[in-house]
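Chemist: Just dropping this structure here.
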Amino acid sequence: MLVEIPRWTNAKLEICKEEYMNPIKQDVKKGQLRYVNNVFPHKGYMWNYGALPQTWEDPNHVDPDTQAKGDNDPIDACEIGSKILQRGEVVQVKVLGILAMIDEGLFVSFVTYTAITSIKLFKLPFSCSAVHANNVLLPPYMSFYTLRNNNM
116 MLVEIPRWTN AKLEICKEEY MNPIKQDVKK GQLRYVNNVF PHKGYMWNYG
166 ALPQTWEDPN HVDPDTQAKG DNDPIDACEI GSKILQRGEV VQVKVLGILA
216 MIDEGLFVSF VTYTAITSIK LFKLPFSCSA VHANNVLLPP YMSFYTLRNN
266 NM
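Numbering (the working numbering), first residue to last: 116 to 267.
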């Protein structure tokens, strides 16, 4: 996973697909730099947020479950380990689950990960079931992103 937005920061950063070498730049919407609002008790993003390089959400493919097209970006990733990672850092991660979301009418799949170095910290064995991970991770994740999207 390539870290775009470190944990507890507010600036909305993304891989810039249009520029040479694909730098990580702050997202702009309607001419304004984008930030995520603080949602009590959290400051900024509650986890490390990034993308999977060399992946892509196809804007010509309609997802059969959501009936939405891909957002033409790399697949989003959310790393839930305890460390604050650095922007631009590449980390080896373990997939815990996938959450399909619609953002401005486009399909976005958020893949939830934990860094390999955080597995023992969270006591999640490599055989951790998706059901167990969803019961632990989904409630705070959904509450944060629901509040965040309503405040952006």
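All residues carry an ideal CB built from backbone N, CA and C; glycine is no exception.
1) To the nearest angstrom, how far is it from the Cα of residue 166 to the Cα of residue 155?
2) I'd like to check one pair, residue 130 with residue 139: are the Cβ atoms closer than 8 Å?
3) Going by DSSP in three states, residue 159 sits in which element: helix, strand or coil?
4) Distance, Cα to Cα, residue 212 vs residue 142?
5) Buried or exposed: which applies to residue 186, given that a residue is buried once 16 or more other Cβ atoms fall within 10 Å of its Cβ?
6) Excluding the 5 residues flanking residue 199 on each side, which residues of the same chain have their C-beta closer than 8 Å to its C-beta?
7) Just verifying my parser: in three-state terms, what is the DSSP assignment at residue 121?
8) Please classify residue 205 as buried or exposed, where buried requires at least 16 neighbouring CB atoms within 10 angstroms.
Modeler: Quick answer:
1) Sequence index remark: in the sequence shown, residue 166 carries index 51 (1-based). Sequence index remark: in the sequence shown, residue 155 carries index 40 (1-based). Going by the C-alpha atoms only, they are around 25 Å apart.
2) Here residue 139 refers to the residue found at position 24 when the sequence shown is read from its first residue. Here residue 130 refers to the residue found at position 15 when the sequence shown is read from its first residue. Yes, Cβ-Cβ distance for residue 139 and residue 130 is below 8 Å.
3) The sequence position of residue 159 within the sequence shown is 44, counting from 1. DSSP places residue 159 in coil when its eight states are reduced to three.
4) Position 97 of the sequence shown, counted from the start, is the residue given in the question as residue 212. Position 27 of the sequence shown, counted from the start, is the residue given in the question as residue 142. Cα to Cα, residue 212 sits roughly 26 Å from residue 142.
5) Here the question's residue 186 lines up with position 71 in the sequence shown. That one is buried.
6) By 1-based counting over the sequence shown, the position of residue 199 is 84. The beta carbon of residue 199 sits closer than 8 Å to the beta carbons of 121, 122, 123, 163 from its chain, once the five residues preceding and following it are set aside; these are given in chain order.
7) For the purposes of this step, residue 121 is taken as residue 6 along the sequence shown, with counting starting at 1. In the structure shown, residue 121 falls within a coil segment according to DSSP collapsed to helix, strand and coil.
8) Position 90 of the sequence shown, counting from 1, holds the residue named residue 205. Flag for residue 205 reads exposed.
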